[in-house]
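**Q**
2 protein chains.
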Amino acid sequence: MKDSGKKCTETGRYDCIKLENQLCFPLYVCSKEIVRRYKPFLDELELTYTQYIAMMALWEHETMNVRQLGECLYLDSGTLTPVLKTLEGKGYVQRKRCETDERSVIVAVTEAGMELREKAVTIPPRMGACVNITQEDAVELARILKKIIAGVTNGADA
Amino acid sequence: MKDSGKKCTETGRYDCIKLENQLCFPLYVCSKEIVRRYKPFLDELELTYTQYIAMMALWEHETMNVRQLGECLYLDSGTLTPVLKTLEGKGYVQRKRCETDERSVIVAVTEAGMELREKAVTIPPRMGACVNITQEDAVELARILKKIIAGVTNGADA
DNA sequence: ACAAGTTAAATTGTGTACAATTAAATTGCA
DNA sequence: TGCAATTTAATTGTACACAATTTAACTTGT
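Protein sequences, first through last, are from chains A and B.
Everything in the first sequence is counted per my numbering, starting at 1 for the first residue and increasing by one.
Everything in the second sequence is counted per my numbering, starting at 159 for the first residue and increasing by one.
1. With DSSP collapsed to three states, give me the class of A:ASN159.
2. Taking DSSP as the reference, what is the three-state secondary structure of A:LYS90?
3. Which runs of the beta strand (DSSP E) at least 3 residues long sit entirely within the segment 16-45 of chain A? Give them in chain order.
4. So, are the CB atoms of A:LYS119 and A:LEU45 less than 8 angstroms apart?
5. Taking the C-alpha atoms as reference points, what is the distance between A:LEU145 and B:ARG225?
6. Any beta-carbon of chain A closer than 8 angstroms to the one on B:PRO329?
7. Establish whether the CB of A:SER104 and some CB of chain B are separated by less than 8 angstroms.
8. Flag A:LYS147 as yes if its beta-carbon sits less than 8 angstroms from any beta-carbon of chain B, otherwise no.
9. At a CB-CB cut-off below 8 angstroms, which residues of chain B make contact with A:THR153?
10. Residues in its own chain within less than 8 angstroms of A:VAL35 by CB, not counting five upstream and five downstream?
11. Per DSSP, what kind of secondary structure is A:ASP83 in: helix, strand or coil?
12. Assuming A:ARG126 contacts A:PHE41 under a Cβ cut-off of 8 angstroms, what Cβ separation, rounded to an integer in Å, is found between them?
13. In three-state DSSP terms, what is A:ARG103?
14. Which chain A residues are close to B:MET272, counting only those with a beta carbon under 7 angstroms from its beta carbon?
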């Protein structure tokens, strides 16, 4: 349906670099737009999206060092250090050097951090109501994304 | 294995704010990781990802004002102005005020910008070889993402 | 014609992202 | 043991991304 016969939707030498033919671009846009949709809800907790996912990881694990948190969130210390300092400033986490290995910094959720969780549980259902997607599509999307992430983050070189 | 009556994959009060149950999070990670994968290829052209998608839009349209480009890329002037100034500095685009409406800034691809396109066409096929995804999944993914974007960017309030 | 409202881009300020480097602590091995 | 490699966070520098504000130019209603 789309090559050298020159139909209505014809194929050109530059088709592969058209925005509409990229997969990365809707991925990039979708990610940004969803995060933007979170903003009003996250504003209630005075958290940014990055702070929110960091808290999510910490609510589950209670305590992690920066490296582990980074593996969990796919972020490095260059991003996490300022985020964690901000969260510490807000009183939601505590940072301290590991006693048995002074290189590591242990991040632990505080009492106030655990209380924040109570407010946070209201966010996913409200977000869900905002995003126009069927249950089947959500499952499909999650499956495909996880497959891509697994392939891309391993040494899956060309 | 960890609370009330419950099976193996049991349901807890806080399940909805676990990282693994979010759809936004793999979307965010996938987008970032794919962009990271582009970097070695984009480095050859000395373009960032944002500069690359801006050039993609401009290669197709030759000339656009900042507002149109922003609608196309889902970016505002606060992001685009510095990106376009950088691209102008590299000699790939020219920026000038519209003569009939001095509020608008017209962005036009230069000769050098069009030549860059020749190098850029090699990127998508090489990226495709890097990303571990079947043709069917790619089609599915594109379909779902476009649906979400359409729903989220319109006033699809809860 | 003109004040009021609107639109367009730029600017300002905050917060990521990430590569590259640095500094300190720990490990491994000759 | 002793020191070179490695690991861990933090720092530095560049580049977005976006909300909010500003400035200038245009449009509209009267």
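Note that the Cβ used here is the ideal one computed from N, Cα and C, for glycine as well.
Here the structure is a predicted model, which is why all the values come from computation and not from measurement.
**A** On the basis of the coordinates in this document:
1. Since the first residue shown for chain A is 1 and the last is 158, residue 159 of chain A is missing from the structure and cannot be characterised.
2. DSSP places A:LYS90 outside both helix and strand once states are collapsed to three, so it counts as coil.
3. You should have found no qualifying run.
4. A:LYS119 places its beta carbon less than 8 angstroms from that of A:LEU45.
5. Taking the straight line joining both Cα atoms gives about 31 angstroms.
6. No information on residue 329 of chain B is available, as it lies outside the stretch 159 to 316 that chain B covers here.
7. No, its Cβ sits nowhere closer than 8 angstroms to a Cβ of chain B.
8. Judged by the 8 angstroms Cβ criterion, A:LYS147 is in contact with chain B.
9. Residues of chain B passing the Cβ test: GLU191.
10. Taken in chain order, the residues that qualify are TYR49.
11. Rather than Asp, the amino acid found at residue 83 of chain A in this sequence is Val. DSSP places A:VAL83 in helix when its eight states are reduced to three.
12. Correct: roughly 6 angstroms between the Cβ atoms.
13. In this structure, A:ARG103 counts as coil in the three-state DSSP scheme.
14. By Cβ distance, chain A contributes nothing, its closest Cβ being about 10 angstroms from B:MET272, past 7 angstroms.
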